Amino acid sequence: MKILVVDDSKVMRSIVIRTLKQAGFDGHTIVEAGNGIEALKAMRETPPDLVLLDWNMPELNGIDLAEKLKAAGIKLRFGFVTTESSDEMKQRATAAGALFMISKPFTPESFQQTLGPVLAAG
Amino acid sequence: MPTAVAIADIAGVTVKIWQSVLGLELTEQREGFQIPSPMLLGCVQISGAWTGAVEIASSEPMARSAAALMLQLDAAELGDGDVRDAFGELANMIGGNLKALLPGPSQLSPPVVVKGSDFTVALPGTTLLSRGTFRCNGEPVMVTVMIRA
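If you read the protein sequences in the order shown, they are chains A and B.
Using the numbering used here, the letters of the first sequence correspond one by one to residues 1176 to 1297.
Using the numbering used here, the letters of the second sequence correspond one by one to residues 109 to 257.
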């Protein structure tokens, strides 16, 4: 599977990718993008099977990207990896089609628990 | 919903993040706290139902060690950009987790990180709400919550 990791922090992308491997999801192709605009470009080049999105990013943030894609009728399997955890943000994420929200800081166990069923369904 | 953040809340969030992200112990230090130069300061602003900011400050060696752990690289291999990026992410996580304790809905800004000596950061219209001071492997860490009146 191709997994697209989108976060404006190179450090955080590195932690997400490492945690994916620690959670046992190391057989997949991982692609990185630094914001929503780069993510759109990466998606056009090779559509990902799963997208892990940060919420707050410059240029085009994660939730705006998700809502744009939904409005355009583009189906995407994605979820958020974010510090944003308020009820209204969870509702907005769900309305945009997010399959999950993983809170920062996270652990390999939280990745396993949340992403295991998502990747198995892929 | 509380409008204030207590020192215990700051301690709870910061200790949790230091432990889970860095694998390091953080202990509170109330007396004789100082951050030597050069220091790093990371700030995120919160706006909405609650408005203010969360700042994290530490010594450069602490920030560099944190970045090395987050990137799983040798501290000597890291550029300034890597250290600032990592410190910004720590500010983001601490700010985001403290924001969850405050009235919503509100937005978290991207982090801003400053490194230098003998500087202060002013957030006009805000006052100090609460501050936690800590030590990690002998290095200082300070988390401050500012509230906009």
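Heads up, the beta-carbon is just placed ideally off N, CA and C, and yes, glycines get one too.
All of these numbers come straight from a predicted model, not from anything done at the bench.
Identify whether residue i lies in helix, strand or coil by the three-state DSSP scheme.
i: B/L231; result: coil
i: B/Q127; result: helix
i: B/E247; result: strand
i: A/I1212; result: helix
i: A/F1286; result: helix
i: A/G1291; result: helix
i: A/S1278; result: strand
i: A/E1242; result: helix
i: B/E139; result: coil
i: A/S1184; result: coil
i: A/L1195; result: helix
i: B/S214; result: strand
i: B/M254; result: strand
i: A/M1264; result: helix
i: A/T1257; result: strand
Please work out which residues of its chain come closer than 7 Å, Cβ to Cβ, to residue i, disregarding the five sequence neighbours upstream and downstream, and give them in chain order.
i: B/P169; result: E247
i: B/A119; result: E136 and G240
i: B/I202; result: V121, T122, I125, V162, I164 and V251
i: A/K1279; result: V1256, T1257 and T1258
Quick one: list the residues of chain A neighbouring residue i, beta-carbon separation under 7 Å, in chain order.
i: B/E197; result: S1184, V1186 and M1187
i: B/L179; result: V1186 and S1189
i: B/S128; result: P1280 and T1282
i: B/D193; result: S1184, K1185 and V1186
Identify the contact partners of residue i in chain A, using a Cβ-Cβ distance below 9 Å as the criterion.
i: B/D190; result: K1185 and V1186
Just the chain A side, please: which residues come within less than 8 Å of residue i by C-beta, in chain order?
i: B/E201; result: It is Met, not Glu, that sits at residue 201 of chain B in the sequence shown. By Cβ distance, chain A contributes T1258, K1279 and P1280.
What in chain E is Cβ-close to residue i, meaning under 8 Å?
i: B/P218; result: In the displayed structure, chain E is absent; the protein chains listed are A and B.
Note down, in chain order, every chain B residue with its Cβ under 9 Å from the Cβ of residue i.
i: A/E1263; result: G212 and P213
Within its chain, find whatever has a CB closer than 6 Å to the CB of residue i; leave out the 5 residues flanking it on each side and keep chain order.
i: B/R243; result: T135 and Q137
Any alpha helix (DSSP H) of 4 or more consecutive residues that is wholly inside the stretch 149-207 of chain B:
Secondary structure within the stretch 149-207 of chain B: the alpha helix (DSSP H) runs of 4 or more consecutive residues, fully enclosed, are 168-179 and 188-207 (chain order).
Using a Cβ-Cβ cutoff of 9 Å, what residues of the stretch 222-247 of chain B are near chain A? List them in chain order.
none
When Cβ atoms are compared, which residues of the stretch 1229-1261 of chain A fall closer than 7 Å to chain B?
Going along the stretch 1229-1261 of chain A in chain order, one finds N1231, P1233, T1258, E1259, S1260 and S1261 with a Cβ nearer than 7 Å to chain B.
Residues within the stretch 1268-1285 of chain A neighbouring chain B, beta-carbon criterion of under 9 Å
S1278, K1279, P1280, F1281 and T1282
Compile a chain-ordered list of the residues in the stretch 139-158 of chain B whose CB is closer than 7 Å to at least one CB of chain A.
none
When you check each C-beta in the stretch 112-126 of chain B against every C-beta of chain A, which residues fall closer than 7 Å?
Those residues of the stretch 112-126 of chain B that come within reach of chain A (Cβ to Cβ, closer than 7 Å) are I125.
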